[in-house]
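Heads up: the sequence shown begins at 2 in the numbering used here, then just goes up one per residue.
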Amino acid sequence: MKYSIVLFYMCKLIQLFDCNKSDSVSRLENIKEEPIYNLYKREDNERLTSLLTAKTQYTPCTFNNCSCYLDVILKDLEPFKKGITANMLKSAKQKGTRYILIGSKLYRDSYCMFPARCSGIEYFLLKIKNKLPDLDMIINTRDWPQVSRFHGIPTPVFSFSKTQDFLDIMYPTWGFWEGGPAIKLYPRGLGRWDIHRKSLTNEYYEWPWDKKKSIGFFRGSRTSSERDSLIMLSRESPSIVDAAYTKNQAWKSEQDTLFELPAEEVSLNEHCRYKYLFNFRGVAASFRLKHLFLCGSLVFHVGDEWKEFFYSSLKPWIHFIPVESTASKEDIRNLLEFIKEHDDLAKEIAERGREFIWDHLRMKDITCYWRALLRRYSKLLDFKPSLAGIDNMIEITGDQR
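Written out as structure tokens, the structure reads:
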């Protein structure tokens, strides 16, 4: 009797078949088009609704170039639609490194705060310099964006990452080539996206979905307390999550690893052995996010404040699982339990995420984005770029790299 009542209400809720038919149970078992709602877990039903709504509203990008990101370029340049003056650049010169392109020759301030980062930027600028008009621009190589939405007249400064509180113009991070975070496993800094694409794809085939460990995984330093809930859940329930803090350059004591000894670093390739990979922001947007997708694992992306240029094309419940930055241990536990109960959906989302990054974040897409961005930016300059009156500029030829 109890079984009949539960089955009746389940059928009414999902409205997929006539419960009066004798083969209703077997038909329920064979339904694959839609997930089965849970009568007793409101949060799970809300997640399923979010997933189905996202799928209904999503239109995949079918362009075979960087046009998937055109809206980002247009939005970032919108504050400067009335033109960019020489005085605007002059007022922004302390916020980054100045680059000038004249007659296909690239010049830069002789002083670069982060040489490896400048080198990573220059790799792309040198590739496209012959296809660009003359330019004058300020490129920020710090982690933090520079142009607040709330203070004064916006100045044109290029930054790799920002939140909605900033008006910086996003560019593809230097780390696609050189100068990413330096850790013991990557002492020269995380870079060479082209190489990582190949090695992570090899791991994707070595560790298919059914071979991966069905637990959450994270390794990283404690750059934000947002990561603490996952770490504490791992200590409490290691069969659900394997997460631990590692050292970073600022490590001073066990307080920096939440009062445990720092864990050993784990290579990006080894991440591919786990089904569920957690991504957190660092000081700004995380450099690891794009790498995690290529494992073919399901990415749990925590918080939505920080962006890189390609983030807006990645959709929650389509390419990744969204997690609130304030999520508690129990929130994360419940989310992982939900995903485990819907393994087919998890695999589907993971594969869509991997395919998007593989198809639309190639090295040629990065070069394309730089070219499209700078061509549109150049049209906003209301002056002719010149080296006259500008001291300490050196020509960048590629020999410095």
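All C-beta atoms in this analysis are idealised placements derived from N, C-alpha and C, irrespective of residue type, glycine included.
Remember, predicted model here, so these are calculated numbers, not experimental data.
Of all alpha-carbon atoms in W194, E352 and F357, the one lying nearest the alpha-carbon of Y124 is that of W194.
In this structure S120 is buried. Its beta-carbon is surrounded by 16 or more other beta-carbon atoms within 10 angstroms.
Ranking H361, E331 and S326 by CA distance to the CA of L315 puts H361 first. For E338, the three-state secondary structure derived from DSSP is helix. Residue burial annotation: A286 is buried, with at least 16 other C-beta atoms found within 10 angstroms of its C-beta.
Nearest to F310 by alpha-carbon distance, out of T327, S162 and F357, is S162. C62 is classed as exposed because its beta carbon has fewer than 16 other beta carbons within 10 Å across all chains shown. By the C-beta density criterion, M114 is exposed, having fewer than 16 other C-beta atoms within 10 angstroms. With contact defined as three or more Cβ pairs closer than 8 Å, the region 389-398 and the region 233-245 are not in contact. Between S326 and L278, the alpha-carbon positions lie close to 15 Å from each other. Here R109 is not near T142, since their CB atoms are 8 Å or more apart. Ranked by Cα distance from S230, the options S240, I216 and A245 are led by A245.
In this structure, DSSP gives H302 an extended state, which the three-state scheme calls strand.
M394 sits in a strand when the DSSP states are folded into three classes. In summary, F64 is exposed, with fewer than 16 beta-carbon neighbours lying within 10 Å of its beta-carbon over all protein chains present. Taking every protein chain shown into account, the CB of R353 has 16 or more other CB atoms within 10 angstroms, so this residue is buried. Listed in chain order, the beta strand (DSSP E) elements of length 3 or more contained wholly in the region 190-255 are 214-221 and 242-246. Between the region 64-79 and the region 369-379 there are three or more inter-stretch CB-CB distances shorter than 8 Å, so the stretches are counted as touching.
The three-state secondary structure of I184, taken from DSSP, is coil. Assignment of S379 by DSSP, reduced to helix, strand and coil, places it in the helix class. E349 is the residue among E306, A328, E349 and H343 whose C-alpha sits nearest the C-alpha of F321. Listed in chain order, the non-local C-beta contacts of R198 below 7 Å within the same chain comprise L295, local neighbours out to five positions each way being set aside.
Rounded to the nearest whole angstrom, the CA to CA distance from E44 to D345 is 19 Å. The residue among Q95, Y59, C67 and D137 with its C-alpha nearest the C-alpha of F384 is D137. Runs of the beta strand (DSSP E) lying entirely within the region 96-143 and spanning at least 3 residues, in chain order: 98-103, 106-110 and 136-140. Spatial neighbours of W178 in its own chain (CB-CB distance under 6 Å, excluding positions within 5 residues in sequence) are listed in chain order as G121, Y124 and G192. Of the other Cβ atoms in all chains shown, 16 or more fall within 10 Å of the Cβ of D169; this residue is therefore buried. In this chain, the alpha helix (DSSP H) harbouring N88 covers A87 to S92. Per DSSP, the unbroken beta strand (DSSP E) holding K276 starts and ends at Y275 to N280. Pairing A183 with H292, the inter-Cα distance amounts to about 16 Å. In the structure shown, V324 falls within a strand segment according to DSSP collapsed to helix, strand and coil. Between R377 and S238, the beta carbon gap of about 50 Å keeps them out of contact (Cβ cut-off 8 Å). With contacts defined by Cβ atoms closer than 8 Å, R228 and F281 form a contacting pair. If you compare the alpha carbons of G217, L201 and L126 with that of K365, the shortest gap goes to L126. The Cβ atoms of A347 and L290 do not sit closer than 8 Å to each other.
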